[in-house]
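K.L.:
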Amino acid sequence: MISLNKVGKEFRRDRWGVKDISFTIDKGEFVVLTGPSGAGKTTLMKLLSFEQQPSTGELLLEGRANGRVKKRELPYVRRRIGVVFQDFRLLPDRTAYENVAFVLRATGAGRKGLHRRVVRALALVGLSGRGDAMPSELSGGEQQRIGLARAIVSDPFLVLADEPTGNLDDDNKREVFKILRKVAAGGTAVLVATHDLNVAREFRARTLILDKGRLVKDAPAGSESEAALAAVAPHVSRPVRTGMNV
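Residue numbers (numbering that gives the first Met the number 0): 0 to 245.
#1: Buried or exposed: which applies to Asp168, given that a residue is buried once 16 or more other Cβ atoms fall within 10 Å of its Cβ?
#2: Thr275 to Gly7, Cα distance in whole Å?
#3: Which same chain residues end up closer than 6 Å to Ala148 when comparing Cβ atoms and leaving out the 5 residues on each side of it in sequence?
#4: Could you name each continuous alpha helix (DSSP H) segment of 4 residues or more that falls completely within the segment 17-75, going from the start of the chain to the end?
#5: Got a sec, what are the start and stop residues for the beta strand (DSSP E) Glu9 sits in?
#6: Identify which residue in Val17, Val31, Leu47 has its Cα closest to the Cα of Arg205.
#7: Have a look at Leu157 and Asp13 and give me their C-alpha separation to the nearest angstrom.
#8: Should Ser138 be labelled buried (16 or more other beta-carbon atoms within 10 Å of its own) or exposed?
#9: For the alpha helix (DSSP H) containing Val117, name the first residue and the last one.
#10: Within its chain, find whatever has a CB closer than 6 Å to the CB of Glu57; leave out the 5 residues flanking it on each side and keep chain order.
#11: What does the Cβ neighbour count give for Ala188, buried or exposed, with the cut at 16 atoms within 10 Å?
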């Protein structure tokens, strides 16, 4: 489980990126994080990835508090977190297969089973036949699917996807979200940050809505979330005095 209890990030006195954030995400849950630009989505994702430490409150990942993890332990904790980026961040001089395998090698995984795990990850994202392709030979949608394979190849507890479809057309956008749904169905907690409320509606996902650094709505998954999202949409643009949001 991922659990946040009154988590805040203060960048300087009374200038908050996020403030008083509380929610939990269970194993295998698919959750969308949305809100307008400057709402605090990126700050929250950095806290969840243990890239930053909270100024207030407590964040727990599988029972471990990010404020209490020692510096030497961070690489081991981060192995339990897969990250998908908007701009793909593939190594341009390595094949699709090598881009995915690189993650396992970087975390010290042994050679035994490496090939099987990479092949399985490529198959899950629908690119079994593209392992030998260089990034320049792949479409934008294919490059992002390699990014997805890279995020899941180490069997993480949590996958964080920060605007993963921002550079994709509608068809590829849907494909990426279908894959992320499949990853969640396999038992991995998935949190997707996006500014697009339509995504949450189409995929009927549980939706966390940020506005000016605060969590203004936690809309449940399923058909009932449609009404909740529609009701809160005007609120998203309404100013809330919480300071700076990154």
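All residues carry an ideal CB built from backbone N, CA and C; glycine is no exception. As the structure is a prediction and not an experimental result, all values here were calculated from the model.
P.N.:
By the coordinates alone:
#1: Classification of Asp168: exposed, given that the 10 Å Cβ count is below 16.
#2: With the chain covering only 0 through 245, there is no way to say anything about residue 275.
#3: Close CB contacts of Ala148 within its chain, under the 6 Å cut and outside five residues either way in sequence, are with Val99, Ala120, Leu121, Val124 (chain order).
#4: Those alpha helix (DSSP H) runs which fall completely within the segment 17-75 and span 4+ residues are 40-47.
#5: 1-11 is the extent of the beta strand (DSSP E) around Glu9.
#6: Checking every option, the nearest Cα to that of Arg205 belongs to Val31.
#7: The alpha-carbon separation between Leu157 and Asp13 amounts to approximately 31 Å.
#8: Exposed is the call here.
#9: For Val117, the enclosing alpha helix (DSSP H) stretches over residues 113-123.
#10: So the qualifying residues of the chain are Asn4, Ala64.
#11: Here Ala188 is buried. Its C-beta has 16 or more other C-beta atoms within 10 Å.
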